[in-house]
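Line by line, the protein sequences give chains A, B and C. Per my numbering: the first sequence = residues 8 to 590. Per my numbering: the second sequence = residues 221 to 552. Per my numbering: the third sequence = residues 2 to 320. Every residue, glycine too, gets a C-beta built ideally from N, C-alpha and C.
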Amino acid sequence: MAAKFSRTFAVIVVVAAIAAGLFISRRTSHRNGPAPAASSADVPVRGGELVASFRSEPRTYNRFVDTSAAGDLLTLLTHAPLVHVNRATDQLEPWLAESWTESPDHLTYTLKLRPGTAFSDGAPLTSADVVFTFRALYDPKVQAVIAADTYVSGKPLQLDAPDPSTVVLRLPAPFAAGLRLLDSIPILPRHKLEPALVAGTFRDAWSVTSPLTDIAGLGPFVIAQHISGQRMVLTRNPHYWRRDAGGVQLPYLDKLTIVIIPDQNAEALRLQSGETDLMVNADIRPEDYGSFKRISQQGRLRVLDAGIKLDPDLLWFNLSKVHADDPRNAWLRTKAFREAISCAVDRQAVIDTAYLGAGVPIYGPVTPANRTWYVDVRPACEHDPGKARTLLASIGLLDRNADGMLEDPKGNAVAFSVLTQRDHLRARVVAVVQEQLRKIGIDVSLVTVDIPAIFQRWSQRDYDSIYFGTQASSMDPSLAPAFWLSSGNFHPWNPSQTKPATDWERRVDELMNQMAVTPDPAERRRLFEQVQRIFADELPGIYFVAPKAMIVISSRVVNPQPAAQIPQLLWSADTLAARPAAR
Amino acid sequence: MSVRGTQVGGTLLVAIAIAAATAPLVAPHDPGQQFVDYVYAPPMRPHLVDDDGQWHWPFIYPLRLVSRLDHAFEEDRSRRIPLVWFSAGTLVNAHDPQTPWLLCGADALGRDIFARVLRGARLSLAISVMAAAGALLLGALVGATAGFHGGRADDFLMSIADFVLVLPVIYVVVVLRASMPLVLSTTKVFWSMTAVMSLAGWPYVARGVRSVVVAERRREYAEAAQAIGAGGLRILLRHLLPAAGGFLTVQATLLVPVFILAEATLSFAGLGFAEPTPSWGVMLHEASRAPILAEAPWLLTPAFAIILTVLALNLAASPAYGATIETVIADK
Amino acid sequence: MYSGFVRFVVRRTAFAAALVLVVSSASLVLAHYAPPEDAFGTERAVLARERHRLGYDQPLLQQYTHWLTRSLQLDFGESLRFRRPVAALVRERVGNTALLGISGLLLATLIGIPLGVFTGSRRGGVLVSAARLVSIVLLSFPPLVTSLVLLLVAARTGWLPAGGLPLIPPDAGALESAAIIARYLFLPSLALALPVAASIERLQSQSLREALADPCIIAALGRGVPYRRVIWRHALRLSLKPVIAIYGITIGAVLSGSFVVEIVMSWQGLGDLMFQALQARDLYLIAGCAATGSAGLAAGILLSDLALVAVDPRVEELG
């Protein structure tokens, strides 16, 4: 009896819990109603809101101090440069500068500012703001990180403002990429920031704790709200200068909410459940493709094929510091060793295992996605383990004791470690490569750490090899001297050299410097082709895969313009529109 | 019920231990071998009856890759591949060398999950048993000293034990581990995790041993021994500690599951073993990515291995479980 | 009587304070010796400047004394990784963990006590054995595993959200917000609750069996009071003492389990914050999290001790 009572009690509790759960889940429904059929003939209309998810948040709103991905994103959304590179077509477009003329010696550009442009607080844009921006950029107290991106031959640009709507830009030396330099520099409001610059406190201006009314920009949105750790709400900039072809003032969206979700899984789940409309890093992992495809067949999501990605990952060895007592010095850093590795790896197996087939093999830093600059440089050897063994034997690495693994002439095992990012596709790629190299007798150990630890070991030159990515080949190569030149600070295998350590690096430096000043595009491409061939030959970095980009968006997103560079969709946030949701 | 429970638990435990010990022989494949065409392949069940209703020696159908990106596979029902004993150096394997037999499916790199789970059993059991031994040793030492000397030493040692007892186990373990360099070789990881877990576990043992020692010390034979001048250490080792033997055994069976879990949690959180070591925690870490988990639930096999092992241990120790709770409460 | 109670409370509070102090100091000291984090390029110079500004490169004793004096003034320093005051960060997150912990405990109680009464009040039978088996099985479902399995179920079926903090739309009313929170909270709490429920069940079962042997219970039965009433009105109250006693210790287990559940289910609470702080070697944040965790633990133990006194006044002597 008592037992029956307590049993009944338990049953009641359980049933009540289930009923409550079901009731609750029926009350809340998805934000979207019945899934509307997506059609590419959707015409963008003004109005509507979208929710995007992002994995980090800005530590400051001051672009000159913050170089993080979050800072990049905010700059794209709330600021505007003088000229703009259209990431889908790779063409230079007039932006805040309506038109410009170039002097015959290619050293002086005269830009005319678009009349009637105003900041988000209503103050008009004048050339004084442009001059101020560059003054702050080059100010020694500000120590703006992106200043170096605008240097030509190591010297800053010079700007003058002869009248309120004209800016004269003087390059210290001819620069073939020309005004593309200006794409990454947002024009800041003098009336808001000049006092801080004069007082020397520019670095502290526009920090996360400043009132949002202090911030003014020329971009399509303004920051309306920022709840740290949760979300940033951006609303339309009422003074935005841009209009679409039909004369409608952009942006189309009334509101863009960026939800902060640091975990990649949670981000994917939110997109699948319809709580967010897109991800800022819009492409999905290959293993998630199956579940996304299933959901897209119900109509709530769309999967876009955005072609091949730019900026592939590379495996590079530490060529910068040689430990005198490392017994592997005779062979670890030789070109033949790297050639053998590149030769032995079955790139298709890497693609099939780590990327589930969604990628193409590559052999150099530039991928087919970079249509302007890509050249198909095939090495002499493609997946030929026999040739790899011959190469290794030529530097004295043989299986001397029949254990299946190679040893050098002194009997040391042929072994090295690869440092890479934990919990990432990169770790998987290295695991596959590890297995492949084991088959020809090389013992690779995989060390996975988080990104700050990678940079720590890299900057201390305390590693054998690293597998990671660089952002160097998504644009005009002259705009990424940090990677290509031997003196660059992101020339990963041997950064910041005072003079080129090898002949081939000297040759590349010469070619890149030539390329920077030659105005003829065809000649520039020819020079850069030579650079690519040298890379394929010397293999300072071994490249395996250029993955395919698969972008997933909710069916509410209208007029997406996918580009290969991150952020794939929000680079053109002003032309994004939303389908009105049926509640 | 409890007696049968203990028997079931004990048998299960022995089976698991044997499987773990003989892992390379039992598993059909090497845990590191990557099958390119079987990434995220579903489990391949052995069948006894084919589609026509005919009975055969246990066989499997080979899997065919339909779409790589969707990781969609299809059973090729036109071919039957029988399972054979003692071939290719393993206990059971598929007859066809081209077809890997993936009893629990494959993971993100096309590796056999069953083989990895067995190898993981070795790691997890080894580390937990080592850590339990360490905790027993440390705890017995501290507890015996406290119980024997009594007074100030007893109070001091037991308040330390109480203190550590109260702290959340995982927090202690995580903080201790995180204070060491993050990247260590597998051997160093093994021993540092063992040390950390022993440090987290000794108070449970110490309390119990102390109670036993205190109780025994007052017994006649101990007083008699003292009267004839036997040294303290001798009394401790020859008379009092053996009395605690029963308690220590039970404690071991209670600590091991806690440590198995601690290792899994540490590896899961990235503070323990790392890829490609096939520890259960590392495998669960990969499985915890939700979108792929929904598509490939067999990635959770190590979770069930953990449940099974812990269940076996709990069943085996079940009669003693209640007694231990009493001891803890009585001492409060 | 009264002074005994006061002494009890004072002693317990002192224990709580000592707990918080020792735990946070130990975390700070341990973290001090850990090798530091680094960042890339220009960020590295900024980071070095930050570390210097926050006093990370001071010798241990100096750093510890500074931290201690400031903490007593309730200033817990600034987080290196988030560049915000530690107190603010902890305040944001602690509510999530507390919510998770409390609902986990509640769920565990709702499952454990009735089940324990059931198995403790009957002699034998299939159902009782089944319930005992269920209890042992639940004990073998650690939060790590349970949360993964529940994540799978959620992702597969979509009935409940697969992890994450509740995303409440800004225009939601109070009832709707509560419903949304409950939806998101259910699975993580369940993952936490199961093993705790099993412990509670076992304990409740045993102590009820013992309470049933108490003379006054037997007397009541002899007087003809119905069995069911005896169980629920008399024996239960007698048997609650050890169960309440265990609540204090259980909080430790709940905190322990919540660490993993927070990571698996992306529930951004204290455990998740502590984990990030550990990875970033963010000294003050680590100490702050440890202090908060142990303060919560101490508070829980104190509450359970007070509840114990309320149930059985004889206990205060043991304080």
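Within the continuous beta strand (DSSP E) that includes residue i, where are the two ends?
i         : result
Met557(A) : Val552 to Ser561
Leu311(B) : Thr310 to Ala314
Asp544(A) : First-last for Asp544(A): Pro528 to Glu545, but that is the alpha helix (DSSP H), not the beta strand (DSSP E).
For residue i, does the three-state DSSP call read helix, strand or coil?
i         : result
Ser452(A) : strand
Thr505(A) : coil
Phe423(A) : strand
Gly428(B) : helix
Ala326(B) : strand
His431(A) : coil
Ile265(A) : strand
Ser487(B) : helix
Ile192(A) : coil
Arg7(A)   : Look at the range of chain A in this structure, 8 to 590, and you will see that residue 7(A) is not part of it.
Phe77(C)  : coil
His233(A) : strand
Met4(A)   : Given a span of 8 to 590 for chain A in the structure shown, any question on residue 4(A) remains unanswerable.
Could you tell me the boundaries of the alpha helix (DSSP H) in which residue i lies?
i         : result
Gly476(A) : From DSSP, Gly476(A) is part of no alpha helix (DSSP H) but of the beta strand (DSSP E) over Ser472 to Gly476.
Met519(A) : Asp510 to Val524
Met503(B) : Trp500 to Ala507
Pro459(A) : Ile458 to Ser466
His67(C)  : Leu61 to Leu73
Ser349(A) : Lys342 to Ala351
Arg288(B) : Premise fails: Arg288(B) is in no alpha helix (DSSP H) and is neither H nor E.
CB-CB under 7 Å to residue i, same chain, minus the five flanking residues each way: which ones, in chain order?
i         : result
Ile218(C) : Ala212, Val231, His235 and Ala236
Asp516(A) : Leu492, Ser493 and Pro507
Pro179(A) : Val159, Ser160 and Lys162
Arg297(B) : Asp271 and Tyr281
Asp306(C) : Arg13 and Gly249
Tyr145(A) : Ala154 and Pro163
Thr82(A)  : Arg70 and Pro193
Who are the Cβ neighbours of residue i in its own chain at under 8 Å, not counting the five residues just before and after it?
i         : result
Leu101(C) : Leu186, Pro189, Ser190, Leu193, Ser259, Val262, Glu263, Trp268 and Gly270
Glu325(C) : For residue 325(C) there is no data in the structure shown, the boundaries of chain C being 2 and 320.
Ser235(A) : Glu64 and Val215
Leu75(C)  : Ala88
Kindly list the residues whose CB is nearer than 6 Å to the CB of residue i, restricted to its own chain and excluding five residues on each side of it in sequence; keep chain order.
i         : result
Pro167(C) : Ile181, Ile182 and Tyr185
Gly1(C)   : No statement about residue 1(C) is possible, as the shown extent of chain C runs from 2 to 320 and does not include it.
Pro498(B) : Pro251, Arg336, Arg339 and Gly340
Tyr259(A) : Pro51, Arg53 and Ala584
Thr319(B) : Pro282 and Ile301
Next item on the list: Quick one: which residues of the region 444-455 of chain A get their C-beta closer than 9 Å to a C-beta of chain B? List them in chain order.
Entry: Arg445, Ser452, Leu453, Val454 and Thr455
Item checked: Completely contained alpha helix (DSSP H) runs for the region 353-400 of chain B, where each covers 4 or more residues -> The region 353-400 of chain B contains these whole alpha helix (DSSP H) runs: 371-386 and 389-398.
Next item on the list: Give the residues from the region 476-496 of chain B that approach chain C closer than 7 Å (Cβ to any Cβ), ordered along the chain.
Entry: Leu481, Ala484, Thr485, Phe488 and Ala489
Item checked: Start-end ranges of the alpha helix (DSSP H) lying completely within the region 111-189 of chain C, minimum 4 residues -> Entirely contained in the region 111-189 of chain C, the alpha helix (DSSP H) runs reaching 4 residues are, in chain order, 127-140 and 144-158.
Next item on the list: Would you list, in chain order, the members of the region 507-536 of chain B that have their beta-carbon closer than 8 Å to a beta-carbon of chain A?
Entry: Ser508, Arg509, Ala510, Pro511, Ile512, Ala514 and Glu515
Next item on the list: Just list the alpha helix (DSSP H) runs in the region 287-316 of chain A, keeping only unbroken ones of 4 residues or longer that don't cross its boundaries, in chain order.
Entry: 296-303
Margin query: Short of 8 Å Cβ to Cβ, which residues in the region 370-404 of chain A face chain B?
Written below: none
Check: Curious, which full-length alpha helix (DSSP H) runs of at least 4 residues does the region 354-426 of chain A contain?
Finding: 354-361 and 392-401
Note to self: Can you pull out the residues from the region 251-278 of chain A whose beta carbon lies closer than 9 Å to at least one beta carbon of chain C?
What the structure shows: Val266, Ile268, Pro269, Asp270, Asn272, Ala273, Leu276 and Arg277
Margin query: Quick check for students: name the residue ranges of the alpha helix (DSSP H) that lie wholly in the region 78-163 of chain A, counting only runs of 4 or more.
Written below: 134-145
Check: Mind listing which residues of the region 133-167 of chain C have their C-beta closer than 8 Å to chain A's C-betas, in chain order?
Finding: Ala156, Gly159, Trp160, Leu161, Pro162, Ala163, Gly164 and Gly165
Check: What residues from the region 381-394 of chain B come within 8 Å of chain C, judged by C-beta to C-beta, listed N to C?
Finding: Phe383, Leu385, Val386, Leu387, Pro388, Val389, Ile390, Tyr391 and Val394
Next item on the list: Closer than 9 Å, Cβ to Cβ, to anything on chain B: give me those residues from the region 287-303 of chain A, in chain order.
Entry: Ile291, Arg292, Pro293, Glu294, Asp295, Tyr296, Gly297, Ser298, Phe299, Lys300 and Arg301
Notebook entry, point to check: What residues in the region 279-312 of chain C bring their beta carbon closer than 8 Å to a beta carbon of chain B?
Noted result: Leu279, Gln280, Ile287, Ala291, Gly294, Ser295, Leu298 and Ile302
Check: In chain order, what residues of the region 86-97 of chain C put their CB closer than 7 Å to some CB of chain A?
Finding: Against chain A - using a Cβ distance shorter than 7 Å - the residues of the region 86-97 of chain C are Glu93.
Notebook entry, point to check: Curious, which full-length alpha helix (DSSP H) runs of at least 4 residues does the region 265-303 of chain C contain?
Noted result: 271-281
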